[in-house]
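Here the structure comes first, spelled out in structure tokens, and everything after it is commentary.
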Amino acid sequence: NRWRTQAQGRRVVAFPIWLYCDGTSGNTSKKWNNHDSFLFTPAGLPYNQAHLEYHVHFLCTSNIAPPLEMLDGIAKQIQTGQRPGIWAWDCELQEVVLVIPSVLAMLGDNPMQSELSCHIGLHGKLFCRCCFVKGQEAPKEVDGERLGTSEVS
Numbered sequence: 001n002r003w004r005t006q007a008q009g010r011r012v013v014a015f016p017i018w019l020y021c022d023g024t025s026g027n028t029s030k031k032w033n034n035h036d037s038f039l040f041t042p043a044g045l046p047y048n049q050a051h052l053e054y055h056v057h058f059l060c061t062s063n064i065a066p067p068l069e070m071l072d073g074i075a076k077q078i079q080t081g082q083r084p085g086i087w088a089w090d091c092e093l094q095e096v097v098l099v100i101p102s103v104l105a106m107l108g109d110n111p112m113q114s115e116l117s118c119h120i121g122l123h124g125k126l127f128c129r130c131c132f133v134k135g136q137e138a139p140k141e142v143d144g145e146r147l148g149t150s151e152v153s
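Residue numbering for the sequence shown follows the UniProt record's numbering, beginning at 1 and increasing consecutively.
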């Protein structure tokens, strides 16, 4: 294991995170313009601890860059932390540990999940990102005439 070799006998600790992206609607009644923000929470926390303010960590926000563009920079930073690991002080063990960060899951509401997965949305033929429900089929044309439609005279 390359991280054990790198740690030189010290502990190696996995640090999975829940990565969360959310946006504001940008309504004119709101004080601020439309923007998207990325935050993360350590994934190993009990449910009653996960949403406490001091466990939610801000990563970035922008009213110009789309979420996928911001995610590119976040992914590069996490990869940079994974290669060599991140040395940190463990206050419970009272020793230096090598921390290896990873994203356990990306969280977000339905519109954000759709955007992050590059989904076409309700305008596509297969508009659901979870199942194979279909929209209406477009009528087929042969030699300029629509098939499958009948005219009432």
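Backbone N, C-alpha and C fix where the C-beta goes; we use that ideal spot for every residue, glycine too.
- The alpha-carbon separation between Trp18 and Ala105 amounts to approximately 5 Å.
- In the three-state reduction of the DSSP assignment, Leu52 falls in the coil class, being assigned neither a helical nor a strand state.
- Annotated three-state conformation of Arg10 is coil, per DSSP.
- In the structure shown, Ile100 adopts extended strand secondary structure according to DSSP, grouped into three states.
- Under the DSSP definition of a beta bridge, Pro46 lacks any partner.
- Per the C-alpha coordinates, the member of Pro42, Thr61, Leu59, Cys60 positioned closest to Leu52 is Pro42.
- Here the C-alpha atom of Asn48 lies approximately 36 Å from the C-alpha atom of Val133.
- Look at the beta carbons and you see the region 79-95 not touching the region 55-62: under three pairs across the two are nearer than 8 Å.
- Listed in chain order, the non-local C-beta contacts of Ala7 below 7 Å within the same chain comprise Leu98, local neighbours out to five positions each way being set aside.
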